[in-house]
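Using my numbering, the first residue of the sequence shown is number 1, and each one after it goes up by one. Notes follow the structure.
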Amino acid sequence: MEPYVGPRTTAYINDLVSRGIAPDFADAWRVALGIGWRRWLEECVAHCADPGLLVGVLDVSVKSLAQYALDSVAALREAGLAAAWAMRAPRRSR
Numbered sequence: 001m002e003p004y005v006g007p008r009t010t011a012y013i014n015d016l017v018s019r020g021i022a023p024d025f026a027d028a029w030r031v032a033l034g035i036g037w038r039r040w041l042e043e044c045v046a047h048c049a050d051p052g053l054l055v056g057v058l059d060v061s062v063k064s065l066a067q068y069a070l071d072s073v074a075a076l077r078e079a080g081l082a083a084a085w086a087m088r089a090p091r092r093s094r
């Protein structure tokens, strides 16, 4: 699944950049991923009696979640850099 940076997220990033704020998307994702992972572990352990299957499910899950988080942080960082670049670019008169 590709990360999604929609209009509301872009507007939020633009607002932060216009105020001189450089958000730390990695820290936010780290916290969210930790909370989500803990909840996922609880659900998997509660519903899977087969240790081998559990290990397989968790292995696939952690790889998928980690890659999605890395891709999302990269996409948000790119959006932030684009917003910062747009703020610095000279405006053309019409």
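Where is the CB? At the ideal position from N, CA and C, for every residue including glycine. Quantities reported herein were computed from a predicted structural model and do not represent experimental measurements.
Distance between S18 and M87 (C-alpha atoms, nearest Å): About 7 angstroms.
query: Is the distance from the Cβ of A84 to the Cβ of V5 below 9 angstroms?
result: In this structure, V5 does not lie closer than 9 angstroms to A84 by Cβ.
query: Quick one, are the C-beta atoms of C44 and V57 less than 9 angstroms apart?
result: yes
query: With respect to the alpha helix (DSSP H) encompassing G34, which residues constitute its N-terminal and C-terminal limits?
result: 25 to 47
- request: Would you identify the three-state DSSP class for M87, choosing helix, strand or coil?
  value: DSSP places M87 in helix when its eight states are reduced to three.
query: Whose C-alpha, out of T10, G20, R39, E78, is nearest the C-alpha of S61?
result: R39
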